[in-house]
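Trainee: Here the protein sequences come in this chain order: U and C.
Going by full-length UniProt numbering, the residue at position 60 of the first sequence is 60; the numbering climbs one at a time, nothing skipped.
Going by full-length UniProt numbering, the residue at position 188 of the second sequence is 188; the numbering climbs one at a time, nothing skipped.
Beta carbons are placed, not taken as given, at the ideal position from N, Cα and C, and that holds for glycine.
One structure, pasted below without further comment.
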Amino acid sequence: MTKQHSNWSPYDNNGGSCVAIAGADYCVVAADTRMSSGYNILTRDYSKICKLADKSVMASSGFQADVKALQKLLAARHLIYQHQHNKQMSCPAMAQLLSNTLYYKRFFPYYSFNVLGGLDSEGKGCVFTYDAVGSYEKVGYSSQGSGSTLIMPFLDNQLKSPSPLLLPAQDAVTPLSESEAVDLVKTVFASATERDIYTGDNLEIVILNSEGIRREYMELRKD
Amino acid sequence: MFRNQYDTDVTTWSPAGRLFQVEYAMEAVKQGSAAIGLRSKTHVVLACVNKANSELSSHQKKIFKVDDHIGVAIAGLTADGRVLSRYMRSECINHSFTYESPLPVGRLVVQLANKAQVCTQRSWKRPFGVGLLLGGLDESGAHLYYNCPSGNYFEYQAFAIGSRSQAAKTYLERRFENFKDSSREDLIRDALIATRETLQGEKLRSSICTISVLGVGEPFHILDQETVQQLIDTFELVGEEEGPTAEPDADAGEGVAAEQGDVPEQSGAADQGAAPMDI
Chain U
1 MTKQHSNWSP YDNNGGSCVA IAGADYCVVA ADTRMSSGYN ILTRDYSKIC KLADKSVMAS
61 SGFQADVKAL QKLLAARHLI YQHQHNKQMS CPAMAQLLSN TLYYKRFFPY YSFNVLGGLD
121 SEGKGCVFTY DAVGSYEKVG YSSQGSGSTL IMPFLDNQLK SPSPLLLPAQ DAVTPLSESE
181 AVDLVKTVFA SATERDIYTG DNLEIVILNS EGIRREYMEL RKD
Chain C
1 MFRNQYDTDV TTWSPAGRLF QVEYAMEAVK QGSAAIGLRS KTHVVLACVN KANSELSSHQ
61 KKIFKVDDHI GVAIAGLTAD GRVLSRYMRS ECINHSFTYE SPLPVGRLVV QLANKAQVCT
121 QRSWKRPFGV GLLLGGLDES GAHLYYNCPS GNYFEYQAFA IGSRSQAAKT YLERRFENFK
181 DSSREDLIRD ALIATRETLQ GEKLRSSICT ISVLGVGEPF HILDQETVQQ LIDTFELVGE
241 EEGPTAEPDA DAGEGVAAEQ GDVPEQSGAA DQGAAPMDI
């Protein structure tokens with residue numbers, strides 16, 4: 001007799017895609033607003049993006065209940081940090097905190113695929129990309145979620161350094177301007193929406209720069 | 001006195017039914033430098049006197065932000081005060097996390113009082129040597145509470161603790177009936193005057209006092225030194241008795257500077273300048 005496996009899973013995948021691109025003095029973080037479960041759409045209007053600190057914005061796809069719990073935990077930890085240090089957490093510090101928080105649940109992980117975008121202490125854009133258990137890396141751009149397999153190769157094509165054959169390919173912050181990066185994000189999501197059924201409805205874009213944080217929205221296909 | 005026989009530890013009653021260790025702890029509060037609190041229906045102002053040990057050293061921090069809607073001023077053993085502030089901050093964060101809403105002030109006060117009571121009934125502990133003036137805003141309005149080392153707490157319209165606080169209390173007792181409807185500026189002015197009373201003739205300067213404000217639409221924050229000095233200069237022109245209302249404080253409009261509230265240096269909270277006074 002074979003072992004009985006439970007037909008109940010503590011996890012669900014709510015789909016969706018996230019992208020972040022780092023520029024010389026800005027950072028763009030974007031995610032679609034569709035929340036699904038299986039072949040159903042739960043809502044067309046759910047934000048996967050969370051502002052963790054003045055200069056750190058996180059976008060997460062995966063199981064949104066875990067994402068919400070993670071966001072709340074990080075917000076509380078940030079408040080403690082502010083009480084103790086009298087200042088906001090820097091983006092690299094938040095990156096490390098996120099990594100540690102994820103690994104803390106190594107044996108019952110947050111089903112959350114995150115990209116953290118923000119400005120470092122010099123005002124340069126930075127993007128950190130994570131797996132579900134906290135392995136992370138500072139990169140120039142990244143995507144996560146159901147559409148990432150469609151999005152990432154295109155970002156590599158547009159943003160990766162031009163001669164990967166000669167040197168190890170370094171994806172430094174892109175030389176693109178802020179408006180060019182935002183256009184690239186819109187293009188990328190429009191393409192992903194075509195072929196990924198879990199990506200669509202609306203696109204939420206958050207742009208961080210020296211002037212502060214602003215939000216843009218764009219409609220995506222709703223089918 | 002006979003006190004000495006029954007005061008060795010907190011778990012010993014005196015024949016007169018007193019716990020001397022607790023009373024000694026309250027004595028420690030009286031020795032600390034003054035802290036003053038006042039409230040209106042919509043605002044709470046906490047003020048304290050910062051006495052540095054010497055010209056070379058910095059002064060003790062006596063006002064702490066606990067949450068956007070709660071602040072605390074302490075008198076007594078400031079180390080105990082710091083530890084209790086950390087506890088209060090933790091309680092506020094845990095409540096917000098669980099209930100997605102700010103911890104009601106009255107609840108925090110009771111939790112704090114219970115914590116203090118524990119230390120009055122354990123032979124291996126000592127009472128906290130700090131008095132806390134808690135100012136907070138919740139759905140039922142603005143509140144000012146005083147928490148004792150004994151574990152008692154009281155709600156006040158205005159109160160002062162620490163050394164020479166009696167002078168401030170006398171001033172506040174004369175005026176407190178009006179505080180309920182005071183404007184934010186008048187409340188701050190009364191706090192500064194009360195602070196000046198505790199200085200017994202020494203000149204009131206922003207370097208020796210700290211003022212913090214909290215109110216409807218205004219998260220708890222500590223006013224920076226320049227603002228305080230400008231306020232002092234303005235009301236001193238008017239004199240000690242009631243005069244025309246104080247100049248409109250541009251701090252009120254600056255909004256959410258609260259996150260970084262504790263440091264006196266606050267960018268963006270600059271005062272726009274005094275309105276002319278009718279003398």
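#1: For chain U, check one thing: does any of its Cβ atoms lie closer than 9 Å to the Cβ of residue 259 (chain C)?
#2: Are the region 4-21 of chain C and the region 68-78 of chain U in contact at 8 Å, needing three or more beta carbon pairs?
#3: Determine, for residue 80 (chain U), whether the minimum Cβ-Cβ distance to residues of chain C falls below 9 Å.
#4: Using only CA atoms, which one of U:58, U:176, U:145 and U:144 lies nearest to residue 158 (chain U)?
#5: Can you name the residues of chain C whose CB is closer than 8 Å to the CB of residue 72 (chain U)?
#6: Would you decide whether residue 219 (chain U) is buried or exposed? Buried here means 16 or more other CB atoms lie within 10 Å of its CB.
#7: Count the CB pairs spanning the region 79-98 of chain C and the region 44-57 of chain C that are closer than 8 Å, and state whether there are at least three.
#8: Answer with buried or exposed for residue 84 (chain U), where buried requires no fewer than 16 other C-beta atoms within 10 angstroms of its C-beta.
#9: Measuring alpha carbon to alpha carbon, tell me which of C:220, C:212 and C:232 ends up nearest residue 46 (chain C).
#10: Starting from the beta carbon of residue 93 (chain U), find every residue of chain C whose beta carbon is closer than 9 Å, and list them in chain order.
#11: Closer than 8 Å by C-beta to residue 153 (chain C): which residues in its own chain qualify, once you throw out the five before and the five after it? Chain order, please.
#12: Does any residue of chain C have a CB that is nearer than 9 Å to the CB of residue 83 (chain U)?
#13: For a minimum of 3 consecutive residues, which ranges assigned as the beta strand (DSSP E) are wholly contained in the region 128-153 of chain C?
#14: Could you check how far apart the C-beta atoms of residue 98 (chain U) and residue 130 (chain U) are, in whole angstroms? I think they sit under 8 Å.
#15: For a cutoff of 9 Å on Cβ pairs, would you count residue 90 (chain C) as touching chain U?
#16: Would you kindly work out how many angstroms separate the C-alpha atoms of residue 20 (chain U) and residue 186 (chain C), rounded to a whole number?
#17: If the criterion is Cβ atoms closer than 9 Å, does the pair residue 115 (chain C) and residue 220 (chain C) meet it?
#18: Under 8 Å, with one C-beta from each stretch per pair, do the region 109-120 of chain U and the region 2-9 of chain U reach the 3-pair mark?
#19: Answer yes or no: does any C-beta atom of chain U fall closer than 9 Å to that of residue 245 (chain C)?
#20: Nearest by alpha-carbon distance to residue 135 (chain C): which of C:123, C:125, C:127 and C:159 is it?
#21: For the alpha helix (DSSP H) containing residue 77 (chain U), list its first residue and its last residue.
#22: Apart from the five residues on each side of it in sequence, which residues of its chain come closer than 7 Å, Cβ to Cβ, to residue 111 (chain U)?
#23: Using a Cβ-Cβ distance under 9 Å, would residue 65 (chain U) count as near chain C?
#24: Along chain U, which residues have their Cβ under 7 Å away from the Cβ of residue 93 (chain C)?
#25: If the criterion is Cβ atoms closer than 9 Å, does the pair residue 191 (chain C) and residue 34 (chain C) meet it?
#26: Select from U:78, U:202 and U:25 the residue whose C-alpha is nearest the C-alpha of residue 17 (chain U).
#27: Using the rule of at least 16 other Cβ atoms within 10 Å of the residue's Cβ for burial, across every protein chain shown, is residue 93 (chain C) buried or exposed?
#28: Quick check on the DSSP output: the beta strand (DSSP E) that includes residue 144 (chain U) runs from which residue to which?
#29: So is residue 65 (chain C) in contact with chain D if we call contact Cβ pairs under 9 Å?
#30: Excluding the 5 residues flanking residue 258 (chain C) on each side, which residues of the same chain have their C-beta closer than 7 Å to its C-beta?
#31: Going by beta-carbon coordinates alone, are residue 39 (chain C) and residue 194 (chain C) separated by less than 9 Å?
#32: Just verifying my parser: in three-state terms, what is the DSSP assignment at residue 119 (chain C)?
#33: Report the residue from U:31, U:210, U:222 and U:139 whose alpha carbon sits nearest the alpha carbon of residue 54 (chain U).
#34: Could you please give the first and the last residue of the uninterrupted alpha helix (DSSP H) stretch that includes residue 219 (chain C)?
#35: For residue 138 (chain C) versus residue 162 (chain C), is the C-beta spacing smaller than 9 Å?
Mentor: The structure says:
#1: Translated into the one-based positions of the second sequence, residue 259 (chain C) becomes position 259. Its pLDDT being 39, under 50, residue 259 (chain C) is placed unreliably in this model, and the value from its coordinates should be taken loosely. Closer than 9 Å to some Cβ of chain U, the Cβ of residue 259 (chain C) qualifies, so yes.
#2: no
#3: The count along the first sequence starts at 1 and reaches residue 80 (chain U) at position 80. Proximity of residue 80 (chain U) to chain C, defined by a Cβ-Cβ separation below 9 Å, is satisfied.
#4: Here residue 158 (chain U) is taken as the residue at index 158 of the first sequence, counted from 1. Looking at U:58, U:176, U:145 and U:144, the one whose alpha-carbon comes closest to that of residue 158 (chain U) is U:176.
#5: Translated into the one-based positions of the first sequence, residue 72 (chain U) becomes position 72. At a beta-carbon threshold of 8 Å, the residues of chain C lying near residue 72 (chain U) are 97, ordered along the chain.
#6: Here the question's residue 219 (chain U) lines up with position 219 in the first sequence. Residue 219 (chain U) should be labelled exposed.
#7: no
#8: On the first sequence, residue 84 (chain U) is found 84 positions in, with the first residue counted as 1. It counts as exposed.
#9: Position 46 of the second sequence, counted from the start, is the residue given in the question as residue 46 (chain C). Residue C:212 is the option with its Cα nearest to residue 46 (chain C).
#10: Stepping through the first sequence from its first residue, residue 93 (chain U) is reached at position 93. Simply none; closest approach about 15 Å.
#11: Translated into positions along the second sequence, residue 153 (chain C) becomes position 153. Within the same chain, residue 153 (chain C) has close Cβ partners 109, 110, 112, 113, 145, 146 and 147.
#12: Here residue 83 (chain U) is taken as the residue at index 83 of the first sequence, counted from 1. Closer than 9 Å: yes.
#13: 130-138 and 141-147
#14: Sequence index remark: in the first sequence, residue 98 (chain U) carries index 98 (1-based). Sequence index remark: in the first sequence, residue 130 (chain U) carries index 130 (1-based). So it is a contact: roughly 7 Å between Cβ atoms.
#15: Working through the second sequence from its first residue, we reach residue 90 (chain C) at position 90. Using beta-carbon distances, residue 90 (chain C) counts as an interface residue toward chain U, with a partner under 9 Å.
#16: To locate residue 20 (chain U), count along the first sequence from 1; it is residue 20. To locate residue 186 (chain C), count along the second sequence from 1; it is residue 186. Approximately 49 Å between the Cα atoms of the pair.
#17: In the second sequence, the residue the question calls residue 115 (chain C) occupies position 115. In the second sequence, the residue the question calls residue 220 (chain C) occupies position 220. No, the pair does not count as a contact, with Cβ atoms beyond the cut-off.
#18: no
#19: Within the second sequence, numbered from 1, the residue matching residue 245 (chain C) stands at position 245. Below a pLDDT of 50, predicted positions are generally treated as unreliable, and residue 245 (chain C), at 44, falls in that range; the measurement from the model is reported next regardless. By this cut-off, residue 245 (chain C) is not an interface position.
#20: Along the second sequence, read from residue 1 onward, the residue named residue 135 (chain C) stands at position 135. The option with the nearest alpha carbon to residue 135 (chain C) is C:159.
#21: Within the first sequence, numbered from 1, the residue matching residue 77 (chain U) stands at position 77. Unbroken alpha helix (DSSP H) run through residue 77 (chain U): 64-85.
#22: Position 111 of the first sequence, counting from 1, holds the residue named residue 111 (chain U). Cβ neighbours of residue 111 (chain U) beyond the five flanking positions: 11, 62, 63, 66 and 132.
#23: Residue numbering aside, residue 65 (chain U) sits at position 65 when the first sequence is read from its first letter. Residue 65 (chain U) does not count as touching chain C.
#24: By one-based count along the second sequence, residue 93 (chain C) stands at place 93. Result: 76, 79 and 80.
#25: Numbered from 1 along the second sequence, position 191 holds the residue referred to as residue 191 (chain C). Numbered from 1 along the second sequence, position 34 holds the residue referred to as residue 34 (chain C). Contact flag unset, no.
#26: The count along the first sequence starts at 1 and reaches residue 17 (chain U) at position 17. Here the closest residue by C-alpha is U:202.
#27: Residue 93 (chain C) sits at position 93 when you count from the first residue of the second sequence. By the Cβ-count criterion, residue 93 (chain C) is buried, with 16 or more other Cβ atoms from all chains shown falling within 10 Å of its own Cβ.
#28: Taking the first residue of the first sequence as 1, we reach residue 144 (chain U) at position 144. Per DSSP, residue 144 (chain U) belongs to the beta strand (DSSP E) from 141-145.
#29: Absent here is chain D; the protein component of the structure consists of chains U and C.
#30: Locating residue 258 (chain C) in the second sequence gives position 258, where the first residue counts as 1. Because the pLDDT of residue 258 (chain C) is 38, which lies under 50, any placement of that residue in the model is unreliable, and the question is left without a value.
#31: Residue 39 (chain C) sits at position 39 when you count from the first residue of the second sequence. Residue 194 (chain C) sits at position 194 when you count from the first residue of the second sequence. No. Outside cutoff.
#32: Locating residue 119 (chain C) in the second sequence gives position 119, counting from the first residue. Here residue 119 (chain C) sits in coil by DSSP.
#33: Here residue 54 (chain U) refers to the residue found at position 54 when the first sequence is read from its first residue. Nearest of U:31, U:210, U:222 and U:139 to residue 54 (chain U), Cα basis: U:210.
#34: Counting from 1 along the second sequence, the entry for residue 219 (chain C) is found at position 219. Not the alpha helix (DSSP H): residue 219 (chain C) falls in the beta strand (DSSP E), residues 218-222.
#35: In the second sequence, residue 138 (chain C) corresponds to position 138, counting from 1. In the second sequence, residue 162 (chain C) corresponds to position 162, counting from 1. Cβ atoms of residue 138 (chain C) and residue 162 (chain C): not closer than 9 Å.
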